[in-house]
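Residue numbers (this note's numbering), protein chains in the order written: chain A, 327 to 696; chain B, 142 to 621.
Note that CB positions come from ideal geometry on N, CA and C, so glycine has one too.
So, in structure tokens, the structure goes:
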């Protein structure tokens, strides 16, 4: 259950907004709102995740503070969103990890790094510090060890995220069968991959300040596609290894290295840009309690990129062993914390956009004649 | 005190749509501009921050409006709502000039909703601002700052030095500190007097105590009053304006759009004595909406109560305040402190008079009463399905029409029709020159934009010496 105070804040927001409707041209939140007259907790959970925090509505709002109605959609919806992350988390006892996420991520990363380095040091001794012929990593970490540990962590993260998605889907009143709608899926893919709701018809959004800008959208694109590109690089590496029998290290012009490098550069610039924007954003409209969670995810992505790129360029040097262990430690921390940190916004926001794609083609709950 | 406030070509008093249109237009003509906004930055924009659209003539579909809305149809709409109390020449000029407004506004960053969709189904006659009027004002202010217009907030003009139709200086409280500010030319765009409760009382009598002001608390009418006192011709009746029936629980000021109530047509409205007083089914919203404020203002204690039943719920725009709710009419009357027997009798008489028909809220349907005084001529359904609901209604004053008289160049006229020398006016402060009474949605913003642009340009030309004062010039704005 939403805390009573937050529930009341959400209801007040929707009551004022639904009587006003000036923002209906901005994004799907307001069009979805107009289909409803009553706002249950599940409606608020859905609308909160549909909100992309672009802030246009806040600056346009005649009822924003210091007006007595005190309407602040991005902040109220962000608070509800943070609550839904815990609500849908699997396994449920781990949901409280969201609360001290920044601390968790830092501690876990440090522990994994120290653990990995100690283990590598104990197992390899001086060999850890010797240059490895042609950058081959397997003398440092045996292939089987790497595949087993990362497959286990990756599958766990994927399972936790999938269960989170399914819990959201049921909570907002959708059936699983509704997912089999190719048109809605295509529309969702387009809206999500383009970041349609941070674009506002080409003007961008009022983030970090009052002037519309595309900076949030582009830094997010660099981050998202950087992440995706690294994922493609890894997948290609697996295909090379298992299907084609080509063992690494792969040359600088090979596809896995190209995708990894491009992705790495994206993750070098994107999270840094997002971090800078975050420092400059208007504090009045953000839920400050999520700062740790947001920043720890950005830092992890950035560290993954830096350590990965260094590993690539120094793979024939004496630092390679250490860099490899550090990089793997960071990636491990990243994947272990995926289901309990900022990453989940992508899952629930996409799911909300998908629900909207389905909902907009249905008759509304209420169609008020005026 | 000299603090860089003097020496500007054009002084614009006001901070709403008309003021910003004038300031931007004067700046683009080449003048230096000082703009005085009485409100702090967070409440800037006058009543424009509560607006949503403007009414525009167009002969073919545009990106932001469907179909066409020709000059004659537009003029007939004005003629109808004002009952002829308009100035045909000024009205037609405004209508023609409205055609170029959206393009000009877009040039200053104002964004519009696409023509299709929208709450009011006004996509044919009105262009809707994306995000509403405050978003429009944000765009204007951002561009004004970039264009080098000097903007001063918390600047309340308390007096004007005007002699023989010539503006010399204004006495201004800037953050409470008195400053005298001179300029070559004045554009008065400071709105009406609807938030001056004493002045309202002079005009309306004690009834004004029960009025709610839907917009800015900063429209005190001080500039308007000083202009009239210094010999500028006034126009309009102080009791005329745009007054709608809103939720009785709305805040005294600045409640804006969310306080509107539109369930009048779905039930009956009784006064504090429990009696009906007007045909609730006469007209569609927004025409209906525009007359009910005055109707309630004429009732004892300026209060009305709209009574509906379960059938009506979900058929009107939701209000921001929940209605009173009860299982019987008697209980409902008790809840809202109305004479119980009288209300029960009124509802019974109404229910008995309802004739059979086919309810259709989208047309003037055939559901009506027979033998009542007054009749309900459309959408009359028996109020018989519990739970029953009641909403209190109060007059919600939106803007006033008493203003200064202007010519086609937006120049204020002196008593007797002579021109002033360097005083222009735009927006609500001169809207009475065109709207004697009544209202059509979005026309206030149209007048503000059209006259703001003209006033700004003319003021700049005058300040820069490009126009000989007193020469007759064909208005160039009407055609562009």
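request  = Please name the residue or residues paired with residue 383 of chain B in a DSSP beta bridge.
outcome  = B:540
request  = Run the CB neighbour count on residue 523 of chain A, radius 10 Å, all protein chains shown included, and call it buried at 16 or more, exposed below.
outcome  = buried
query = Closest by CA to residue 505 of chain B, which one among B:429, B:438, B:184, B:435?
reply = B:429
task = Answer yes or no: do residue 167 of chain B and residue 601 of chain B have a C-beta to C-beta separation smaller than 8 Å?
result = Yes, Cβ-Cβ distance for residue 167 of chain B and residue 601 of chain B is below 8 Å.
inquiry  = For the pair the segment 656-672 of chain A and the segment 450-467 of chain A, tell me if three or more CB-CB distances fall below 8 Å.
reply    = no
key: Length of the line joining the Cα atoms of residue 476 of chain B and residue 197 of chain B   = 45 Å
inquiry  = Give me the chain B residues within the contact set of residue 363 of chain A, using Cβ-Cβ distance strictly less than 7 Å, ordered along the chain.
reply    = 455, 459
ask   = In three-state terms, what does DSSP make of residue 562 of chain B?
value = strand
Beta-carbon proximity of residue 485 of chain B to residue 474 of chain B, cut-off 8 Å = yes
Chain-ordered neighbours of residue 349 of chain A on chain B, where CB pairs are closer than 7 Å = 272
ask   = In terms of residue numbering, what span does the alpha helix (DSSP H) encompassing residue 553 of chain A cover?
value = Taken as a continuous stretch (DSSP letters only), the alpha helix (DSSP H) holding residue 553 of chain A covers 541-568.
request  = Rank A:559, A:530, A:683 by C-alpha distance to the C-alpha of residue 382 of chain A and give the top, closest one.
outcome  = A:530
query = Are the segment 672-682 of chain A and the segment 364-377 of chain A touching, with three or more C-beta to C-beta distances below 8 Å?
reply = Touching, yes, given that three or more Cβ pairs across the two stretches are closer than 8 Å.
message = In whole angstroms, give me the CA-to-CA distance for residue 199 of chain B and residue 617 of chain A.
response = 50 Å
query = Assuming residue 282 of chain B contacts residue 177 of chain B under a Cβ cut-off of 8 Å, what Cβ separation, rounded to an integer in Å, is found between them?
reply = The Cβ separation is near 14 Å, so there is no contact.
request  = Can you tell me the Cβ-Cβ gap for residue 399 of chain A and residue 384 of chain A, rounded? I've got them flagged as a contact below 8 Å.
outcome  = 6 Å
message = I'd like the span of the beta strand (DSSP E) that includes residue 644 of chain B, first residue to last.
response = Residue 644 of chain B is absent from the structure shown; chain B starts at 142 and stops at 621.
query = Which chain B residues sit within Cβ distance under 8 Å of residue 344 of chain A?
reply = 459
ask   = Does DSSP put residue 367 of chain B in a helix, in a strand, or in coil?
value = helix
task = Tell me whether residue 222 of chain B sits in a helix, a strand or coil according to DSSP, three-state version.
result = helix
ask   = Quick one, which of A:360, A:434, A:627 has its alpha-carbon nearest residue 347 of chain A's?
value = A:360
query = Below 8 Å between beta carbons: does that hold for residue 536 of chain A and residue 380 of chain A?
reply = For residue 536 of chain A and residue 380 of chain A, no; Cβs fall outside 8 Å.
Extent of the continuous beta strand (DSSP E) to which residue 319 of chain B belongs = 318-329
inquiry  = Taking the alpha helix (DSSP H) that residue 431 of chain B belongs to, which residues open and close that run?
reply    = That run of the alpha helix (DSSP H) goes 428-438.
inquiry  = At 3 residues or longer, what runs of the beta strand (DSSP E) sit wholly inside the segment 143-193 of chain B?
reply    = 149-154, 174-177
query = Whose C-alpha, out of B:498, B:586, B:466, B:264, is nearest the C-alpha of residue 528 of chain B?
reply = Nearest option by C-alpha distance: B:466.
ask   = Do you know offhand how far residue 632 of chain A's Cα is from residue 547 of chain A's?
value = Straight-line measurement puts the Cα of residue 547 of chain A at about 18 Å from the Cα of residue 632 of chain A.
inquiry  = Whole angstroms are fine: how far does the CA of residue 399 of chain B sit from the CA of residue 581 of chain B?
reply    = 19 Å
message = Can you confirm whether the segment 365-374 of chain A touches the segment 329-347 of chain A when touching is taken to mean that 3 or more C-beta pairs between the two stretches lie within less than 8 Å?
response = yes
key: Rounded C-alpha distance that separates residue 338 of chain B from residue 381 of chain B   = 15 Å
ask   = Within the 8 Å Cβ cut-off, does residue 337 of chain A reach chain B?
value = no
message = Just list the residues that DSSP pairs residue 445 of chain B with in beta bridges.
response = B:534
key: Buried/exposed call for residue 415 of chain A, threshold 16 Cβ in 10 Å   = buried
ask   = Could you give the distance in angstroms between the alpha-carbon of residue 386 of chain B and the alpha-carbon of residue 537 of chain B?
value = Spanning the two alpha carbons is a distance of roughly 6 Å.
query = Is there a Cβ from chain B that is less than 8 Å from the Cβ of residue 704 of chain A?
reply = The structure shown has nothing for residue 704 of chain A, since chain A only spans 327 to 696.
C-beta neighbour in chain B for residue 382 of chain A, strict 8 Å = yes
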